[in-house]
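Everything in the sequence shown is counted per full-length UniProt numbering, starting at 1 for the first residue and increasing by one.
The beta-carbon is built from N, C-alpha and C at its ideal position, and this holds for glycine as well.
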Amino acid sequence: MPEIGEVARIVHYLRKHVVGKTIRAVRAQEDDIVYGKAGTSASAFQQALTGKKVLDARQQGKYFWLVMSEAPHPLMHFGMSGWIKFSNVDSAYYKPAAKGPEEQEWPPKYWKFVLEMEGKEKCEAAFVDARRLARIRLLDAPGEELRKVSPLKENGPDPVIDKNILTVEWLAKKMRSKRVPVKALLLDQANISGVGNWVGDEVLYQAKIHPEQYSNTFNDAQIKSLHDSLIKVCTVACETLADSEKFPEDWLMRYRWGKGKKDAQKLPNGAKITFLKVGGRTSAVVPSVQKKTGDVAADIKGSDQDEDMEEEAESKPASKKGRAANPSTKGTAPNGAKRGRAKKEEEEVKEEEEEEGEEKPAPKKLKKGGVKKAAVEAHAAKNGNKGTATEPEAGRRRSLRNRCALYRKPLPIGIVAAESYTFP
Numbered sequence: 001m002p003e004i005g006e007v008a009r010i011v012h013y014l015r016k017h018v019v020g021k022t023i024r025a026v027r028a029q030e031d032d033i034v035y036g037k038a039g040t041s042a043s044a045f046q047q048a049l050t051g052k053k054v055l056d057a058r059q060q061g062k063y064f065w066l067v068m069s070e071a072p073h074p075l076m077h078f079g080m081s082g083w084i085k086f087s088n089v090d091s092a093y094y095k096p097a098a099k100g101p102e103e104q105e106w107p108p109k110y111w112k113f114v115l116e117m118e119g120k121e122k123c124e125a126a127f128v129d130a131r132r133l134a135r136i137r138l139l140d141a142p143g144e145e146l147r148k149v150s151p152l153k154e155n156g157p158d159p160v161i162d163k164n165i166l167t168v169e170w171l172a173k174k175m176r177s178k179r180v181p182v183k184a185l186l187l188d189q190a191n192i193s194g195v196g197n198w199v200g201d202e203v204l205y206q207a208k209i210h211p212e213q214y215s216n217t218f219n220d221a222q223i224k225s226l227h228d229s230l231i232k233v234c235t236v237a238c239e240t241l242a243d244s245e246k247f248p249e250d251w252l253m254r255y256r257w258g259k260g261k262k263d264a265q266k267l268p269n270g271a272k273i274t275f276l277k278v279g280g281r282t283s284a285v286v287p288s289v290q291k292k293t294g295d296v297a298a299d300i301k302g303s304d305q306d307e308d309m310e311e312e313a314e315s316k317p318a319s320k321k322g323r324a325a326n327p328s329t330k331g332t333a334p335n336g337a338k339r340g341r342a343k344k345e346e347e348e349v350k351e352e353e354e355e356e357g358e359e360k361p362a363p364k365k366l367k368k369g370g371v372k373k374a375a376v377e378a379h380a381a382k383n384g385n386k387g388t389a390t391e392p393e394a395g396r397r398r399s400l401r402n403r404c405a406l407y408r409k410p411l412p413i414g415i416v417a418a419e420s421y422t423f424p
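Below, the structure written as structure tokens:
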């Protein structure tokens with residue numbers, strides 16, 4: 001899922017190629033989920049933006065929006081795999097492994113809308129989403145007051161643009177008012193905007209805090225360390241536009257990928273990276289650094305085996321990211337680096353699928369005997385109920401066979417033949 005840094009990347013490209021220009025034309029495809037669940041439609045979106053000038057592009061955590069010359073203003077959320085592609089520039093933050101010349105398809109697959117901008121430089125911007133978990137809506141409010149209306153007002157402060165709100169004192173009060181695993185607190189967008197799975201893991205690693213520990217068990221020094229780490233990690237992620245190659249060498253993000261490969265989950269100093277579940281989400285942890293210093297959630301089990309079992313059934317739907325070969329070995333040429341990046345994105349897709357799974361209710365379990373009963377009924381229907389025993393009849397026959405088996409023993413001398421024997 002695009003987090004605070006990835007959204008900052010798109011805002012950067014929007015400011016560079018869209019802001020200050022007038023939208024000449026809008027193409028939009030109806031989608032009753034992407035538009036409909038946000039209370040609008042593709043036709044309303046098309047009508048609202050055509051001919052309007054884009055004054056600015058802004059962000060709050062994982063949300064971003066365009067400030068138009070007049071209301072309404074489009075507010076967007078990428079969901080799990082949404083993105084904005086440009087016809088004249090590559091905006092991707094992960095590059096797929098090269099498999100030959102890449103074909104330029106426009107409009108790109110899974111597009112929801114395409115904006116055609118006026119100007120000498122031909123530029124089009126397309127919003128894409130393969131999984132339909134993104135949301136596109138229109139906000140009918142003054143451009144400067146969008147953060148005061150839903151859904152933005154329900155989200156917590158942004159660690160980069162709201163530093164004056166998200167202070168150490170504010171964070172301490174928030175943490176001590178709740179008793180939840182600290183990582184769950186960070187990921188809750190009602191508390192803090194923009195922190196997702198990898199950012200949360202990085203923040204906790206840099207602060208030397210274990211993700212399972214309850215939020216109300218930390219001392220002042222630990223909260224100060226967590227606050228400093230939160231501000232630093234989010235700021236660097238935004239300033240580098242989520243380009244992981246520009247992240248500091250001591251960041252966990254550089255080494256957490258390649259799960260399942262021998263010796264893959266180790267830091268340069270040899271420290272082991274383990275994986276566990278916190279609140280249903282995969283968490284990368286370095287136990288030698290992130291010590292538990294207080295109570296932890298007793299119902300959370302961090303087993304690599306459990307996680308692998310949960311992940312093995314997950315499919316890998318198409319997305320903007322590439323699929324790749326195994327990570328490169330020592331001494332491999334630059335193409336190996338590309339494979340490593342692709343492996344990283346492949347595993348991030350797995351984590352995204354976990355997030356997506358949280359939004360889907362668990363399938364209903366059949367009552368005991370339900371499968372057997374359904375099979376019997378199906379067989380009976382197929383044979384027109386002729387010569388086919390119903391489940392109760394089948395049960396009686398099995399019981400009879402079992403009782404017969406009890407008496408299949410040589411009869412003692414003097415006992416009548418089996419044919420004349422009556423069952424008790």
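If you draw a straight line from the Cα of Leu75 to the Cα of Ala271, it comes to about 43 Å. A direct Cα-to-Cα measurement between Lys178 and Trp257 gives close to 32 Å. Annotated three-state conformation of Ala126 is strand, per DSSP.
For Glu116, the enclosing beta strand (DSSP E) starts and ends at Trp111 to Met117. Sequence-distant partners of Ile23 (beyond 5 residues in either direction) whose C-beta falls short of 8 Å from its own C-beta, in its chain, are Leu49, Thr50, Gly51, Lys52, Lys53, Val54, Leu115, Glu116, Met117 and Glu118. Excluding the 5 residues flanking it on each side, Val180 has same chain C-beta neighbours closer than 6 Å at Ser215, in chain order. Look at Ala271 here: in three-state DSSP terms it is coil, with no helix or strand label.
Contact check for Ile33 against Arg132 passes: the beta carbons are separated by less than 8 Å.
The three-state reading of DSSP puts Val67 in strand, counting E and B together. The beta carbon of Val233 lies closer than 7 Å to those of Val199, Glu202, Val203 and Gln206 in the same chain, with the five residues before and after it left out.
Here Trp106 carries a coil assignment [DSSP, helix/strand/coil].
If you check the CB distance, Ala44 and Val18 do not come in under 8 Å. About 17 Å separates the beta carbon of Asp243 from that of Gly194, a gap too long to meet the 8 Å contact definition. Leu187 is a Cβ neighbour of Gly196, given a cutoff of 8 Å.
In the three-state reduction of the DSSP assignment, Ser225 falls in the helix class. Put simply, the backbone Cα of Glu105 is about 46 Å away from that of Val289. Distance from the CA atom of Ile161 to the CA atom of Asn269, rounded to whole angstroms, is 35 Å. Between Met253 and Lys21, the alpha-carbon positions lie close to 37 Å from each other. The continuous beta strand (DSSP E) containing Ser283 extends over residues Arg281 to Val285. Pro248 sits exposed, since fewer than 16 C-beta atoms from the chains shown fall within 10 Å of its C-beta. Shown here for Tyr63: same chain residues with a beta carbon closer than 8 Å to its own, the five before and five after excluded, namely Val7, Leu75, Met76, His77, Pro151, Leu152, Asn155 and Ser193 in chain order. Looking at the DSSP output, Tyr214 sits in a beta bridge with Pro181. Annotation: the continuous beta strand (DSSP E) that includes Ala25 extends over Ile23 to Ala28. In this structure, DSSP gives Trp170 a helical state, which the three-state scheme calls helix. The alpha-carbon separation between Asp220 and Lys173 amounts to approximately 11 Å. Spanning the alpha carbons of Ala134 and Asp140 requires a straight line of approximately 20 Å.
In the DSSP assignment, Ala57 forms a beta bridge with Leu66.
For Lys85, there is no enclosing alpha helix (DSSP H); the enclosing beta strand (DSSP E) has its first and last residue at Trp83 to Phe86. Of the candidates Ala28, Arg176 and Met80, the residue whose Cα lies closest to the Cα of Gln213 is Arg176.
Counting only residues of its own chain and dropping the five nearest sequence neighbours on each side, Trp111 has a CB closer than 6 Å to the CB of Ala126 and Val128.
In summary, Gly280 is exposed, with fewer than 16 beta-carbon neighbours lying within 10 Å of its beta-carbon over all protein chains present. Relative to the Cα of Lys183, the nearest Cα in the group Ile209, Lys148 and Glu121 belongs to Ile209.
The continuous beta strand (DSSP E) containing Leu75 extends over residues His73 to His77.
Gly39 is classed as exposed because its beta carbon has fewer than 16 other beta carbons within 10 Å across all chains shown. By the Cβ neighbour-count rule, Pro142 is exposed, with fewer than 16 other Cβ atoms within 10 Å of its own.
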